[in-house]
């Protein structure tokens, strides 16, 4: 199974700062790239997603940047808030098959 | 109220016992999945089913079994053959593209 790599493993950001999480994939058959947010003891919730025909997608404070040639995509959280403190997973999907990154634990300090 | 539910939220098992985790969805999605999540780690696929009465092994199927008798239900049995079953178990379902997760079941072996 081809991997999705994710970095950093953990991230600490001051309130109001920008959080950036990076992912890289291998499988060029992936046509859907979601990001999930997971709070402790809860299931992951879909945050934002992008398809490879688009280079950027923005929803509120959350932006995905996608570089198809480099097979990389990233999540940017603008004006990070303490409530954003969670674990974030990227994934690559093809049809009904998904491969998840290992996750990034984000802590936003007040 | 559409969604995916899991029960119980917490489950304790004695060594040597089989236990069954419930997963139900009313989203009318064909594909359903079971993942295992260990502390600080990503999601590992146990089993998935793309249609009723059919399912396939994921990356870590040993010691687990599933059934898919109804479209809305995909129970997971953790058998005594699973040597290290203490973990957080997540059920998910997929429609056309997006994967939705349940709230999870935390299984602890005593």
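Chains as they are written, first to last, in this note's numbering: chain A, 13 to 122; chain B, 4 to 113.
We put the beta carbon where it would ideally sit given N, CA and C, even for glycine.
| message | Just to confirm my understanding: we take residue 112(A), look at its own chain, exclude 5 residues before and 5 after, and list those with CB closer than 6 Å. What are they? | response | Cβ neighbours of residue 112(A) beyond the five flanking positions: 101, 103.
| Any Cβ of chain A within less than 9 Å of the Cβ of residue 34(B)? | Between residue 34(B) and chain A, the shortest Cβ-Cβ separation is below 9 Å.
| Per the contact definition of three or more C-beta pairs closer than 8 Å, is the region 22-42 of chain B in contact with the region 63-80 of chain B? | Contact between the region 63-80 of chain B and the region 22-42 of chain B is present, because at least three Cβ pairs lie under 8 Å.
| Whose Cβ in chain A lies nearer than 9 Å to the Cβ of residue 75(B)? | Residues of chain A whose Cβ lies closer than 9 Å to the Cβ of residue 75(B) do not exist; the shortest such Cβ separation is about 17 Å.
| Same chain, Cβ closer than 8 Å to residue 6(A), five either side skipped, listed in chain order | Absent from the structure is residue 6(A), since the part of chain A shown begins at 13 and ends at 122.
| request: Answer with buried or exposed for residue 46(A), where buried requires no fewer than 16 other C-beta atoms within 10 angstroms of its C-beta. | output: By the Cβ-count criterion, residue 46(A) is buried, with 16 or more other Cβ atoms from all chains shown falling within 10 Å of its own Cβ.
| field | Beta-ladder partner(s) of residue 95(B), from DSSP | value | Answer by DSSP bridge pairing, in chain order: 36(B), 104(B).
| Between the region 7-14 of chain B and the region 93-109 of chain B, do three or more beta carbon pairs fall short of 8 Å? | The way I'd put it, the region 7-14 of chain B does touch the region 93-109 of chain B; three or more beta-carbon pairs between them come closer than 8 Å.
| Neighbour list for residue 105(A) in chain B, Cβ cutoff strictly below 8 Å | Within chain B, the C-beta atoms nearer than 8 Å to that of residue 105(A) come from 100, 102, in chain order.
| Going along chain B in order, which residues have a C-beta closer than 8 Å to the C-beta of residue 58(A)? | Close partners of residue 58(A) in chain B (Cβ separation under 8 Å): 101, 102, 103.
| How many whole angstroms separate the CB atoms of residue 116(A) and residue 99(A), which I take to be in contact at a CB cut-off of 8 Å? | Between residue 116(A) and residue 99(A) a beta carbon distance of about 7 Å is seen, short of the 8 Å cut, so the two are scored as contacting.
| query | Given 8 Å as the limit, is there contact between the region 27-43 of chain A and the region 81-91 of chain A, that is, 3 or more CB pairs closer than that? | reply | The region 27-43 of chain A vs the region 81-91 of chain A: in contact.
| task | Could you check the C-alpha separation between residue 86(B) and residue 97(B) for me, to the nearest Å? | result | Each residue's alpha carbon lies about 29 Å from the other.
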